[in-house]
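A.B. asks: According to our numbering, the stretch in the sequence shown is residues 7 to 162, in order.
So that we are looking at the same thing, I have put the structure below in structure tokens.
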Amino acid sequence: MPLWTIYHSDSILRDEISKKALAKAITDLHVNEIGLPAFYVVVAFIPFPPGSLFVGGEEKEKPFLRISIYQIARTMEENFYTPWTSMIDKTLEPHIAAKGYDWEYHIDESPLKLWKVNGVYAPDFESPEMEIWKKYNRVIYPEELKHLAAGAENRL
């Protein structure tokens, strides 16, 4: 699950349309470039009112965003860092950079076995079980997987 927490000046990203467009772009990035199910991608917007966000000890006049990205569903090899951050930059550009905002982000990764969704370990990436999760865009519980294996797909 990638969790994007977007901390931002409350003067920006105030309307649902802007937030939804950015959340969709981030989701599409993970679905199309990494192959994750859409329901894995979580985007949270946290606005800061005036007097609550400081950079270098000063309140900025220009809107500012600080993005924390936690990647759990997949971890990257070091040789993919630059291509991945370039894809992130391209995704954020029309929503943030093109509007003249100041911004930064960082990425943390966590081992897959320290993450559960609805109490279930996620299947291995590119496994047949993962393909089923992607198809239904939700957690498929072990007992449901047994039904699928038995040909009872219409019961889901």
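Think of the CB as a built atom: it goes at the ideal place given N, C-alpha and C, for glycine as much as any other residue.
1. Whole angstroms are fine: how far does the CA of LEU154 sit from the CA of VAL49?
2. Which stretch, first to last residue, makes up the beta strand (DSSP E) that contains GLU115?
3. To which residues does DSSP link ALA50 through a beta bridge?
4. Could you tell me the boundaries of the alpha helix (DSSP H) in which TYR87 lies?
5. According to DSSP, PHE131 sits in a beta bridge with which residue or residues?
6. Might you give, ordered along the chain, the residues of its own chain that have their beta carbon closer than 7 angstroms to the beta carbon of VAL47, omitting 5 neighbours on each side?
7. When burial is assigned at 16 or more other CB atoms within 10 Å of the CB, is ILE12 buried or exposed?
8. Which residue from PHE70, ILE94, PRO56 and GLY63 puts its Cα closest to that of GLU39?
9. Taking a contact to mean a Cβ-Cβ separation below 7 angstroms, would you say ASP114 touches TYR76 in this structure?
10. In the DSSP assignment, what are the bridge partners of GLU64?
11. What would DSSP say about ILE2, mapped onto helix, strand or coil?
12. For VAL61, which residues from the same chain have a beta carbon less than 8 angstroms from its beta carbon, with the 5 sequence-adjacent residues on both sides left out?
C.D. replies: This is what the structure gives:
1. As a first step, residue 49 is located in the sequence shown; it is residue number 43 there, counting from the start. As a first step, residue 154 is located in the sequence shown; it is residue number 148 there, counting from the start. Each residue's alpha carbon lies about 31 angstroms from the other.
2. Along the sequence shown, one-based indexing puts residue 115 at 109. For GLU115, the enclosing beta strand (DSSP E) covers residues 108-115.
3. For the purposes of this step, residue 50 is taken as the residue at position 44 of the sequence shown. For ALA50, which the question treats as bridged, DSSP gives the partners THR11.
4. Position 81 of the sequence shown, counted from the start, is the residue given in the question as residue 87. Per DSSP, TYR87 belongs to the alpha helix (DSSP H) from 87-98.
5. As a first step, residue 131 must be located in the sequence shown, where it is residue number 125. Beta-bridge partners assigned by DSSP to PHE131: none are found.
6. On the sequence shown, residue 47 is found 41 positions in, with the first residue counted as 1. Setting aside the 5 residues that flank it on each side, VAL47 is surrounded in the same chain by PRO8, ILE32, THR33 and HIS36, each with a C-beta closer than 7 angstroms to its C-beta; the list follows chain order.
7. Here residue 12 is taken as the residue at index 6 of the sequence shown, counted from 1. Classification of ILE12: buried, given that the 10 Å Cβ count is 16 or more.
8. On the sequence shown, position 33 is the one that residue 39 refers to. The option with the nearest alpha carbon to GLU39 is ILE94.
9. On the sequence shown, residue 114 is found 108 positions in, with the first residue counted as 1. On the sequence shown, residue 76 is found 70 positions in, with the first residue counted as 1. The answer is yes: Cβ separation under 7 angstroms.
10. Translated into the one-based positions of the sequence shown, residue 64 becomes position 58. DSSP, once it has assigned bridges, lists VAL61 as partnering GLU64.
11. Residue 2 lies beyond the range of the chain shown here (7 to 162); nothing can be said about it.
12. On the sequence shown, position 55 is the one that residue 61 refers to. Leaving aside the five residues that flank VAL61 on each side, the residues in its chain whose CB is nearer than 8 angstroms to its CB run, in chain order, PHE70 and ASP108.
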